[in-house]
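Peer 1:
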Amino acid sequence: MRAGAELNNPLGAEDPGNLARGAIIYADFCAVCHGDTGRGNGPVTARGFPPPPSLNGENARKMRDGQIFHLLTYGQNNMPPYSSQITREDRWRVILHIRSLQPGKGVNP
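Here this note's numbering is used: the first residue of the sequence shown is -15, the next is one more, and so on.
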């Protein structure tokens, strides 16, 4: 995916406001499926929906920020696109939050 190589997160985790805003947006749009900690165990799985991929798993940890941005923008499989619901800047903030959930990665690898 070219997006992974060409898109880089322009926002920094050193600004606590970016992480805080990313956590709020994640809670509003992502946690229902991916769960509060990103393990893919959100409330929808209790209703019989298939669990989404863990954001803490090896595949997600290996993804570049641009790839995750592309997925947030255009969706994939059961995940809808969020380009019209989440602003471009807030999608980058969500990625910072996702990185903060990943063990051993920290933010913005």
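Where a beta carbon is used, it is the ideal one built from N, C-alpha and C, also for glycine.
Pull up the DSSP beta-bridge partners for GLN60, would you.
Peer 2: MET63
Peer 1: In whole angstroms, what separates the C-alpha of ASN(-8) from that of PHE33?
Peer 2: Per the coordinates, the alpha-carbon of ASN(-8) lies some 32 Å from the alpha-carbon of PHE33.
Peer 1: Report all residues from its chain with a CB closer than 8 Å to the CB of TYR58; omit the five preceding and five following residues, and keep chain order.
Peer 2: PRO65 and SER67
Peer 1: Give me, in chain order, the residues of the same chain whose beta-carbon lies closer than 7 Å to that of PRO37; leave out the 5 immediate sequence neighbours on both sides.
Peer 2: GLY24, ASN43 and ALA44
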